[in-house]
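Structure, as C-alpha cells:
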Amino acid sequence: MIRIEDVLDIYSNNRPDGDVLQIQKAYVFANMMHEYQKRKSGLPFITHPLNVAYNIAENKLDTESVVAALLHDVVEDTDASKDQVEELFGKDVAGIVDGLTKLSALENVDISERKAANFKKLLIAIAKDPRVLIIKLADRLDNMRTLEFMKPEKQKLIAGETLEIYAPLAHAIGMARIKNELEDLSFRYLYPEEYETVSNEAIEKESIYADDMKQIRDVLEHEMKANGVRCIIQSRIKHKFSIFRKMKTQDITLDEVYDFLAFRIILTDNDPNECYKVIGILHGLWTYIPHRWRDFVSQPKENGYRSVHTTLIYEDGVFFEVQVRTKEMHEIAEQGIAAHWQYKQDRTESFEESRLYQVLSQTILDLKEKTSDEFLTDLAQGLKDISHGITVLTPRGRTIALPDQATPVDFAYSIHTEVGNHCVGAKVDGRLVPLHTELHDGNIVEILTNPNAKPSLDWLKLVRTSRAKHKIRATYRALEREEKTADGREMLEKAMRKNKIPFSQMDVEKISKAYKAYKISKVEELYFLVGNGTISINKVLGIIEPSLIRKKQAISLGRKPTEAGNFEKRVRIQGLDNLLVTRARCCNAIFGDPIIGYLTKLKGISVHRADCENLKQGRIDPARLIDVEWVEDPNHSFLIEVIVITEDITGMLARLTDVFDSMNLNLRKVQGESFRVKNQAQFRFTVQISSREELNRVLIRIKGTRGVLSVWRKK
Ligand code: MN
355 MIRIEDVLDI YSNNRPDGDV LQIQKAYVFA NMMHEYQKRK SGLPFITHPL NVAYNIAENK
415 LDTESVVAAL LHDVVEDTDA SKDQVEELFG KDVAGIVDGL TKLSALENVD ISERKAANFK
475 KLLIAIAKDP RVLIIKLADR LDNMRTLEFM KPEKQKLIAG ETLEIYAPLA HAIGMARIKN
535 ELEDLSFRYL YPEEYETVSN EAIEKESIYA DDMKQIRDVL EHEMKANGVR CIIQSRIKHK
595 FSIFRKMKTQ DITLDEVYDF LAFRIILTDN DPNECYKVIG ILHGLWTYIP HRWRDFVSQP
655 KENGYRSVHT TLIYEDGVFF EVQVRTKEMH EIAEQGIAAH WQYKQDRTES FEESRLYQVL
715 SQTILDLKEK TSDEFLTDLA QGLKDISHGI TVLTPRGRTI ALPDQATPVD FAYSIHTEVG
775 NHCVGAKVDG RLVPLHTELH DGNIVEILTN PNAKPSLDWL KLVRTSRAKH KIRATYRALE
835 REEKTADGRE MLEKAMRKNK IPFSQMDVEK ISKAYKAYKI SKVEELYFLV GNGTISINKV
895 LGIIEPSLIR KKQAISLGRK PTEAGNFEKR VRIQGLDNLL VTRARCCNAI FGDPIIGYLT
955 KLKGISVHRA DCENLKQGRI DPARLIDVEW VEDPNHSFLI EVIVITEDIT GMLARLTDVF
1015 DSMNLNLRKV QGESFRVKNQ AQFRFTVQIS SREELNRVLI RIKGTRGVLS VWRKK
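Below, the structure written as C-alpha cells:
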C-alpha cells in the first residue's frame, strides 16, 4: 500500500527542489475530506488518490500535478468546492481538478448523452492543460488495477471504454508504459479465455528460450563493452494484448510473432548517432531480416517515439528484436509527453502542435452538430487514426497526414470542406482513379471538383477520417433541410388551395403565437417543420381557418365505435337465428377477414379469424366450429390495434397520425414508447376501420412512411 511518505520520497528524489510542503498540505486536505469514505475493496478511499499521486510523481511531473492528483476526487466525491480548492491551492490546480470532475447536474439524462457531455468537458480541459490527461490516465490505471471489486457487468463496461478510449489516448501522448498496462488489464476482463491462453503460451515460450536469451545477452554485453558503447541492456517480453492483437490481425501463431523475444539497448551517453553504430555492430554479429529494420530515430513516430529496431536470427527459428535508443529517447518512449516536463517547464506549445491536440479540438468543435453516440464513435475513431497512418502529398508538395485506408474523399476534406463537398474525381500519381481508391504512403493526390456536385451519404462508407464523416453529415443535413423546407412549402400551398384559402393568409405571426413551443420565427422554419413531419398540415390549416377542424370532427363523429350489439348484425350464421354473437378478443376479426364461429358454453358464438392461433387443433373441440359469414354494412366500423416500429426521431408521431388523418380514419387511442438502446420507437394506434381492405391500405401507407421500420395489425 502506498503511503504519503512514499509519494514524497519518489517526488523529492525526482525533483530535489520541489515544493514538498504543498504536497503535504494537499494530502492533509484530501484525507480530511475523504475521511470515512471507503473503496469497493474496503480500503480507505484516500488510498486511491495516493496511488494516483504516486504514479504522477513517478512520472516526474511537477508539484501542481502531484497536488492535483491527490485532490482529483474531492470536488466530485466530497463537500469540497472548486472555489475552496482554488483558494487553498491556486488557480492551476483548481483548473486541473475541475477538468477531472464529472458534471453533477446530469442525473436524468440518457447515459450516452451524459457520457458524451462528461467527455467533452474532459477533452476541453485536456486541450487547455495536458496534465489533466496524464492524471486522468493514472486515475483510470488505478481503477483498472482494482477492477476485481466491481460487478462483472461494470467490469466489462469500464474495460471496454479503457481499451477504446483511454489506451489510445495514452498512446497518442506516447505514454507507452501506462498504455500497455491499461491494454493488458482490459484484455483480462474483456477476453478472459484468450487472456489465459496467451499468458500460458507466453510463459511456456519464455522458459523454452531462457537459455538462448541468456547467451544472446552475454554476447551483447561483451560486444558493447569491446566497442566502447556505454549502455544499459534490458530484455523485454512483448505485452500480452499486443501479442494477441498481432496474432489476431495478422492471423499468425505465437511462433510467427518475431518481436516476442526482444532486447533494448539504452545508450547512456545520449548520442543519437551511436544508435546507428550499434545497429552496425549487431548486423555484423547475426543475420538480420531486411524488411524488419526500421529507423524511427531520423523519422520519429507521430507521438514522438524514437528508436532503431532490427530483427535478428540467433539460430534456426530463434528470432529476436533489438531496439536501440538513447536514454532520453527511452524516457520519451515510456512516458511520452510526461517526460517533457522533466526538461522544460512549459511544453503546452508542443502539445498544441500534436495531432492529438488537433483531433481533440476538432472533435470538441464538431460536438455541437453531432449526436452523443456519433461523438463517442468519432472520438474513438479519431484516436485510432493517430496511431496508424500515412502521409500523402498535394501536387505542390504539401504533406497531408491521413489514417490507413484513407481515400481521395478524406484527402479532399482535409484540404478544405468546399473541396470535399464538390469533389467529383481524383488523380493519384497523375492517374485518374475512382473515389473509393485506397491511398498509400507518398501518393501525390489531386482532386477534381465541380461546383454543382454535392456530397452523397454513400461517401460515409468510403471515408476514414472523422473530419470527412462529420462534414458529409453536416452538409447532407443542411441540404436535407433545404429540401424539407421546399417540401413543406409545397404541401402547405397545395392543402390551402384545396381548401380554398388564399396563400396570403399564411400569416407567420399568427402561427408562431399558436406554436410557441416550436419557436417559429421565420416562415421557412414553419415550412421545414411541416416538411419533416413535426407539425401536421391539418394543425396549421386549423389555426389559419378553425372552421376546417370543426368540419372534420363532424365527419369523425359520424362513425361510432363498434359495440357488441352492432357486431351481432355484421355476422350471419347459416340456419341459426337469435344466437348471441361476439367478436373473439384474441384475433379481433374485421369485415373482409376470413372468419369462423365457435360455439362457446356461455357466450354464444364467438367469431374468430380463420387463421387464429386459438383455433389450432388440440386446443378446441372441432365439433363446435360453425360456418359464419359477413354481412355488409358500410356504416359500421371495427376497433383494431395497429403496431408500428420506427426509428426514434422527432416528428415521427405527427407523420404517422397524418397518415390516418389523410385517410379520414378515426384514432381512438395512441400509445408510444421509445427504446433508447436500439434507437427505435414503438407506437400502438387503436383505430376505427371499416374493412380488411381499408386496413391493408393503411398498412401500406404506413409502411411507406419515412422512418417506419415495420408495421402490423395486432393479432
Ligand atoms: Mn479517481
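Throughout the sequence shown, residue numbering follows the numbering used here, covering 355 to 1069 in sequence.
Ideal placement from N, C-alpha and C gives every residue a C-beta, glycine not left out.
All figures in this text were calculated on a predicted structure; none of them were measured in a lab.
TODO: Work out the CA separation of residue 589 and residue 685 for me, nearest whole Å.
DONE: 16 angstroms
Task: Per-residue DSSP class, three states only, for residue 583 - done: coil
Task: Within the segment 413-471, ranges of the alpha helix (DSSP H) (whole runs, at least 4 residues) - done: 417-425, 428-431, 436-443, 445-453
Task: Whole-angstrom distance between residue 599 and residue 1015, CA atom to CA atom - done: 57 angstroms
Task: Segment limits, beta strand (DSSP E) that includes residue 829 - done: Not the beta strand (DSSP E): residue 829 falls in the alpha helix (DSSP H), residues 820-852.
Open item on the list: Going by DSSP in three states, residue 693 sits in which element: helix, strand or coil?
Closed with: helix
Open item on the list: I'd like to know if the segment 816-823 and the segment 767-778 are in contact, where contact means that at least 3 CB-CB pairs between them fall below 8 angstroms.
Closed with: yes
Open item on the list: Judging by CA-CA distance, which residue of 982, 884, 981, 992 is the nearest neighbour of residue 1006?
Closed with: 884
Open item on the list: Give me, in chain order, the residues of the same chain whose beta-carbon lies closer than 6 angstroms to that of residue 406; leave out the 5 immediate sequence neighbours on both sides.
Closed with: 423, 492, 493, 496
Open item on the list: For residue 943 and residue 476, what's the separation of their Cα atoms in angstroms?
Closed with: 58 angstroms
TODO: Determine, using beta-carbon pairs with one atom in the segment 784-791 and one in the segment 830-850, whether at least three such pairs fall under 8 angstroms.
DONE: no
Open item on the list: Distance check for residue 1041 and residue 1022, CA to CA, integer angstroms please.
Closed with: 6 angstroms
Task: Residues proximal to the ligand MN by C-beta, any heavy atom closer than 5 angstroms - done: 427, 493
Open item on the list: Taking the beta carbon of residue 919 as the centre, do at least 16 other beta carbons fall within 10 Å, making it buried, or is it exposed?
Closed with: Note on residue 919: pLDDT 46, under 50, position unreliable in the model; the coordinate value appears next. It is exposed - the Cβ of residue 919 has fewer than 16 other Cβ atoms within 10 Å.
Task: Per-residue burial, residue 975 [other beta carbons within 10 Å of its own, 16 or more giving buried] - done: exposed
Task: Residues near residue 657 in its chain [Cβ-Cβ closer than 7 angstroms; skip 5 each side] - done: 525, 526, 527, 528, 690
Open item on the list: Quick test of the definition: if touching needs 3 or more C-beta pairs under 8 angstroms, does the segment 510-523 touch the segment 533-551?
Closed with: yes
Task: Beta-carbon gap between residue 612 and residue 537 smaller than 9 angstroms - done: no
Task: Own chain partners of residue 1072 with C-beta closer than 6 angstroms, once the 5 adjacent residues on each side are dropped - done: The chain is shown from 355 up to 1069; residue 1072 falls before or after that span and cannot be answered.
Open item on the list: On a Cα-Cα basis, can you pick out the residue from 997, 649, 1019, 1020 that is closest to residue 1063?
Closed with: 997
Open item on the list: residue 486 and residue 453 - do their beta-carbons sit closer together than 9 angstroms?
Closed with: yes
Task: Per DSSP, cross-strand counterpart(s) of residue 604 - done: Per DSSP, none; premise fails for residue 604.
Task: Beta carbon of residue 692 nearer than 9 angstroms to that of residue 415 - done: yes
Task: Selected residue, minimal CA-CA separation from residue 640, among 652, 814, 570 - done: 570
Task: residue 509 - containing alpha helix (DSSP H), residue span - done: 506-515
Open item on the list: By alpha-carbon positions, which one of 922, 968, 650, 995 ends up nearest to residue 959?
Closed with: 922
Open item on the list: I need the straight-line Cα distance from residue 655 to residue 784, nearest angstrom please.
Closed with: 29 angstroms
Open item on the list: Tell me the DSSP secondary structure of residue 736 in three-state form.
Closed with: helix
- [ ] Within its chain, find whatever has a CB closer than 7 angstroms to the CB of residue 908; leave out the 5 residues flanking it on each side and keep chain order.
- [x] Confidence in residue 908 is poor, its pLDDT being 39 and thus under 50, which makes the residue's placement unreliable; the coordinate value appears in the next sentence. The answer is none, since no qualifying residue turns up.
TODO: Output the distance between the C-alpha atoms of residue 730 and residue 470, rounded to the nearest integer angstrom.
DONE: 6 angstroms
Task: Beta-carbon contacts of residue 1052 that lie in its chain and below 8 angstroms, excluding the five residues immediately before and after - done: 996, 1013, 1014, 1017, 1019, 1041, 1043
TODO: Mind checking which residues open and close the beta strand (DSSP E) that includes residue 500?
DONE: Neither: residue 500 is in no beta strand (DSSP E) and is coded neither H nor E.
Open item on the list: Pull the bridge partners of residue 663 from the DSSP assignment, please.
Closed with: 648, 677
TODO: Assign residue 1005 to one of three DSSP states: helix, strand, or coil.
DONE: coil
Task: Cβ neighbour criterion (16 or more within 10 Å) applied to residue 503 - done: exposed
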